[in-house]
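Peer 1: So the protein sequences, as listed, match chains A and D. Residue 1 is where the first sequence starts when you use the working numbering, and the numbers rise one by one after that. Residue 292 is where the second sequence starts when you use the working numbering, and the numbers rise one by one after that.
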Amino acid sequence: MTWTDLQTDLAADGYVASDDLTVALHLALTLERPLLLEGAAGVGKTQLAAGLAALRDTRLIRLQCYEGLDAAQAIYEWNYQRQLLTIRAAAEDGETGKSVEARIFSRDFLLERPLLAAITQDTPPVLLIDEIDRADEEFEAYLLEILSEFQITIPELGTVTATTTPIVILTSNGTRDLSDALRRRCLYAYVDYPDRATELAILNARCPGIEARLGAQIVGFVQKLREEELEKVPGIAETLDFAAALMGLGIADLTSDPAALQHTLSTLLKTQSDRAHITPEVAGRIAGRAA
Amino acid sequence: MSRVSRFAARDPGPAARVSGFMAHLRDNGLRLGVAETELALEALCQIDASQPAQSRRALKAICTGCKEEAEQFDALFDSFWMDAGRVKQKIVQTPPSKGDDSVHSSRDAKGEDAGGSGSANAPDGGDGEAESDGEGRLIATEVRNLMRKDLRDLVRPEDIAEAEQVARRLGAALRDHRSRRRIAARKGDRLHFRKTIRASLATGGEPLRLVRKYRPDRPQKIVALCDVSGSMTVYAQVFLAFLAGLMRSDPTADAYLFHTRLVRITEALRDKDTMRAIGRMSLMADGFGGGSEIGPSIARFAKTYAKRFVDGRSVVLILSDGYDTAPPAVMDAALADLRKRGCKIIWLNPLKGWRDYAPVADGMAAALPHLDLFRAANTLADLAALDREVASL
């Protein structure tokens, strides 16, 4: 499969990817390397993993990173309650300590967390490590072994080696600088806000029923809005919400009803100061230019 | 546009060209190892490498690692492969030693190079200078700005060593804010008794899961914004040394330069070789000694980088004399915006050390109500004396 095929297949599934991104993804798949996606919130980084999983008809395993995330929550954990119950039951039956111990530290008592689950699948899943920049540096370092060796060592059981190599996608919003070691193990793509044509293609793919004129107006409006000085620049998800809101209200032309337009802006503007900044006059002006 | 670089027919082959490209990227500050060269060759086999656009995208995915590098990459690619910005350069045939495999390692490439009369397809010494026939090396920019100031002339290594001491003390004064409260933590030094007992209910009173707690550090991060406009040139020596020292002593600190533009210099200053770091910084500080737009620069900072790097645990140090060419309202709004992020703002003004100085400049007057601390700083000693005041913030 060439990268253009990949792009076409993704588009058929509703994910319109830029050329840069598709080539990076194609290489990540063929070279079996993790792919690190960086970019502002709402440009479709997470969605790419979902799209890829749908395309390959495989499981999407998602690890949402946050401050304080540690190995037990990300890799595996022993099922303590079950172990305890087993010990109690064994004690009543008069079973000896050694055999109980062997039993309670077996795979049956292991709770798989996303990373362990990802390397023990029969078909290679898509492993999405979301917002890696939110996790602590220690966790990032822990990830290095898994990403390069695809194996996990459990002291009581031994090393679990991957049956299949998962397709790994990491995303980052750039709230913290990632280590060079992590960056070096990954291919990299910077995902930017889409240009007008791409965004229109995404809109058409996601909202098939949308009128061509309204679609063009919506995209034009959002693109212009991104040039304004906003605290939170609207992403693609917001564009889609905006389109859905307009269609739900039965608005066919952005310039026709300024009051309705102002109401639907809540899908695009997410802070008080942004709302204050985009007054009805400003919105009307932008809509007028976009039309 | 198909101005693809022509390589001489005697040129040893695509693998050598790719390793030459890697050396070119390294020269321009991208941190790439041998493994990346190998990976790049593998990647080029996976796509149609004869298409420049595809090769560009593939190499971009492999050779870049952050947004800044990704933005820089296209110019670097053009300068090497697309015959743009090329300084005249010859590729001299090198004796093929061990077949194609040899080029996978830069060590071998260096070996080839050692006997030759200098070639562009391999890096030579550790200093990363790609040697050609003494005709210069590849640069990514299209025009070399002769007005650019080499900051290395301004700063001496001794100053930086001294500034490092100062920065370390200042950093320590800010950082060592300890909290009395303990919070639950997996790797805490004490048992969190209440939580442990509570958790043991689920296991029939057996405390299986021991919850711990620790006393957190409340580190303060320093973010330094240094004005390098014309009026500040005389103080640049102190401040640049301070910035360099700060970056070397504090891995969490962040630094920016501004004049009419705002440039993040954190990455450049983290270079292990101090003078090379200053050199890289001079490349970025294009426009050094020009006009000053303090308000707009701070506004730009508040709107972009501050969102990622400034929070309630940050101290923003502004090193400037406050002579702003933009209207004072801009400064007022920018600082108000920055303050909303919960940070402390310290303004160090070299002029304040003068007798009878009054902050009457419009920009400075507009800034004053937003500042937590407004002090003089002409010398490193002034900066060193700050640590006590800073600690009480």
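Glycine included, C-beta positions come from ideal geometry on N, C-alpha and C.
1) Who are the Cβ neighbours of Arg240(D) in its own chain at under 7 Å, not counting the five residues just before and after it?
2) Would Thr163(A) pass as a contact of Gln217(A) if the rule is Cβ separation under 9 Å?
3) May I have the straight-line CA-CA distance separating Ile202(A) from Met566(D), to the nearest angstrom?
4) His550(D) to Glu67(A), Cα distance in whole Å?
5) Can you find a C-beta in chain A that's less than 9 Å from the C-beta of Arg500(D)?
6) Can you check whether the C-beta of Gln511(D) is within less than 9 Å of a C-beta belonging to chain A?
7) What is the DSSP secondary structure of Arg362(A), reduced to helix, strand or coil?
8) Could you tell me which residues DSSP puts in a beta bridge with Thr171(A)?
9) Could you check whether the Cβ of Val309(D) sits closer than 9 Å to any Cβ belonging to chain A?
10) Please list the residues of the segment 304-336 of chain D that have a C-beta atom closer than 8 Å to any C-beta atom in chain A, keeping them in chain order.
11) Measure the CB-CB distance between Arg447(D) and Ala532(D) and report whether it falls below 9 Å.
12) What is the residue span of the alpha helix (DSSP H) that Ile251(A) lies within?
13) Starting from the beta carbon of Thr30(A), find every residue of chain D whose beta carbon is closer than 7 Å, and list them in chain order.
14) Any contact of the segment 122-129 of chain A with the segment 163-177 of chain A, i.e. 3+ C-beta pairs under 8 Å?
15) Candidates Leu684(D), Leu548(D), Arg500(D), Arg348(D): which alpha carbon is nearest Leu611(D)'s?
16) Please list, in chain order, all residues of the same chain as Ser683(D) whose beta carbon is under 8 Å from its beta carbon, the five residues on each side excluded.
17) Quick one: measure Cβ to Cβ for Glu140(A) and Ser172(A), integer angstroms, because I've assumed they're closer than 8 Å.
18) The segment 629-654 of chain D: which residues have C-beta closer than 8 Å to a C-beta of chain A, in chain order?
19) Indicate the three-state DSSP secondary structure (helix, strand or coil) for Lys643(D) in the structure shown.
20) Can you have a look at Lys45(A) and say buried or exposed, based on whether 16 or more other CB atoms are within 10 angstroms of its CB?
21) Would you say Cys186(A) lies against chain D (beta-carbon separation less than 9 Å)?
22) Would you grab the beta carbon distance between Leu677(D) and Leu461(D) for me? Rounded to a whole angstrom, and I think it's under 8 Å.
23) Going by DSSP in three states, Glu95(A) sits in which element: helix, strand or coil?
24) So the beta strand (DSSP E) Val126(A) belongs to, where does it begin and stop?
25) Does Ile382(D) come out as helix, strand or coil in the three-state DSSP assignment?
26) Determine the direct distance from the alpha carbon of Cys207(A) to that of Ala244(A), and round the result to whole angstroms.
27) Indicate whether Glu38(A) and Val191(A) have their beta-carbon atoms separated by less than 9 Å.
28) Below 9 Å between beta carbons: does that hold for Ala54(A) and Arg62(A)?
29) Beta strand (DSSP E) containing Ile152(A): first to last residue?
30) Is the beta carbon of Phe312(D) closer than 9 Å to that of Phe371(D)?
31) Check whether the Cβ atoms of Ala544(D) and Ile569(D) sit closer than 9 Å, and answer yes or no.
32) Check the DSSP bridge columns for Glu112(A) and list the partner residues they point to.
33) Give me the chain D residues within the contact set of Glu374(A), using Cβ-Cβ distance strictly less than 8 Å, ordered along the chain.
34) Taking Cβ-Cβ distances below 8 Å as the criterion, which residues of the segment 484-495 of chain D are in contact with chain A?
35) Among the candidates Asp177(A), Leu115(A), Glu137(A), whose CA atom is the shortest distance from the CA of Ile152(A)?
36) Let's see if you can read the secondary structure: which residues bound the alpha helix (DSSP H) around Arg491(D)?
Peer 2: Working from what's here:
1) Shown here, chain D extends from 292 to 684; a query on residue 240(D) therefore has no answer.
2) Position 163 of the first sequence holds residue 163(A). Position 217 of the first sequence holds residue 217(A). No. Outside cutoff.
3) For the purposes of this step, residue 202(A) is identified with residue 202 of the first sequence, where counting begins at 1. For the purposes of this step, residue 566(D) is identified with residue 275 of the second sequence, where counting begins at 1. Between Ile202(A) and Met566(D), the C-alpha separation is close to 48 Å.
4) For the purposes of this step, residue 550(D) is taken as the residue at position 259 of the second sequence. For the purposes of this step, residue 67(A) is taken as the residue at position 67 of the first sequence. Taking the straight line from one Cα to the other gives about 36 Å.
5) Numbered from 1 along the second sequence, position 209 holds the residue referred to as residue 500(D). Cβ-Cβ to chain A under 9 Å: yes for Arg500(D).
6) In the second sequence, the residue the question calls residue 511(D) occupies position 220. Chain A contact via Cβ: absent.
7) Outside the displayed span of chain A (1 to 291) sits residue 362(A), for which this structure offers no information.
8) Here residue 171(A) is taken as the residue at index 171 of the first sequence, counted from 1. In the DSSP output, where bridge partners are listed per residue, Thr171(A) has Leu37(A).
9) As a first step, residue 309(D) must be located in the second sequence, where it is residue number 18. Not closer than 9 Å to any Cβ of chain A, the Cβ of Val309(D) fails to qualify, so no.
10) Arg322, Gly324, Ala326, Glu327, Leu330, Glu333, Ala334
11) Position 156 of the second sequence, counted from the first residue, corresponds to residue 447(D). Position 241 of the second sequence, counted from the first residue, corresponds to residue 532(D). Going by C-beta atoms, Arg447(D) is nearer than 9 Å to Ala532(D).
12) Position 251 of the first sequence holds residue 251(A). Run containing Ile251(A): none; DSSP gives neither H nor E here.
13) Sequence index remark: in the first sequence, residue 30(A) carries index 30 (1-based). Result: Gln337.
14) yes
15) The sequence position of residue 611(D) within the second sequence is 320, counting from 1. In the sequence on display, residue 611(D) carries Ser and not Leu. Checking every option, the nearest Cα to that of Ser611(D) belongs to Leu548(D).
16) Translated into positions along the second sequence, residue 683(D) becomes position 392. Around Ser683(D): no qualifying Cβ.
17) Numbered from its first residue, the first sequence carries residue 140(A) at position 140. Numbered from its first residue, the first sequence carries residue 172(A) at position 172. So it is not a contact: roughly 10 Å between Cβ atoms.
18) none
19) Sequence index remark: in the second sequence, residue 643(D) carries index 352 (1-based). In this structure, Lys643(D) counts as helix in the three-state DSSP scheme.
20) Stepping through the first sequence from its first residue, residue 45(A) is reached at position 45. Answer is buried; the Cβ neighbour count reaches 16.
21) In the first sequence, counting from the first residue as 1, residue 186(A) sits at position 186. Yes, its Cβ sits closer than 9 Å to a Cβ of chain D.
22) Within the second sequence, the letter at position 386 stands for residue 677(D). Within the second sequence, the letter at position 170 stands for residue 461(D). Right, their Cβ atoms sit about 6 Å apart.
23) The residue given as residue 95(A) occupies position 95 in the first sequence. DSSP places Glu95(A) in coil when its eight states are reduced to three.
24) Sequence index remark: in the first sequence, residue 126(A) carries index 126 (1-based). Per DSSP, Val126(A) belongs to the beta strand (DSSP E) from 126-130.
25) For the purposes of this step, residue 382(D) is identified with residue 91 of the second sequence, where counting begins at 1. Bear in mind that the predicted position of Ile382(D) carries a pLDDT of just 43, short of 50, making it too unreliable to give a figure here.
26) What you label residue 244(A) is simply residue 244 of the first sequence in a count that begins at 1. What you label residue 207(A) is simply residue 207 of the first sequence in a count that begins at 1. Ala244(A) and Cys207(A): Cα-Cα distance of roughly 8 Å.
27) Translated into the one-based positions of the first sequence, residue 38(A) becomes position 38. Translated into the one-based positions of the first sequence, residue 191(A) becomes position 191. For Glu38(A) and Val191(A), yes; Cβs fall inside 9 Å.
28) As a working note, residue 54(A) is residue 54 in the first sequence. As a working note, residue 62(A) is residue 62 in the first sequence. Cβ distance not < 9 Å, so Ala54(A) and Arg62(A) don't count as in contact.
29) Residue 152(A) sits at position 152 when you count from the first residue of the first sequence. 151-154 is the extent of the beta strand (DSSP E) around Ile152(A).
30) Within the second sequence, residue 371(D) is the residue found at index 80, counting from 1. Within the second sequence, residue 312(D) is the residue found at index 21, counting from 1. In contact: Phe371(D) and Phe312(D) (Cβ atoms closer than 9 Å).
31) Taking the second sequence and counting its residues from 1, one reaches residue 544(D) at position 253. Taking the second sequence and counting its residues from 1, one reaches residue 569(D) at position 278. No, these two residues do not count as a Cβ contact at 9 Å.
32) Along the first sequence, read from residue 1 onward, the residue named residue 112(A) stands at position 112. Glu112(A) is bridged to Tyr76(A).
33) The structure shown has nothing for residue 374(A), since chain A only spans 1 to 291.
34) Ala493, Thr494, Gly495
35) Residue numbering aside, residue 152(A) sits at position 152 when the first sequence is read from its first letter. The option with the nearest alpha carbon to Ile152(A) is Leu115(A).
36) Against the second sequence, residue 491(D) aligns to sequence position 200. The identity of residue 491(D) in the sequence shown is Ser, whereas the question assumes Arg. Segment 484-491, the alpha helix (DSSP H) holding Ser491(D).
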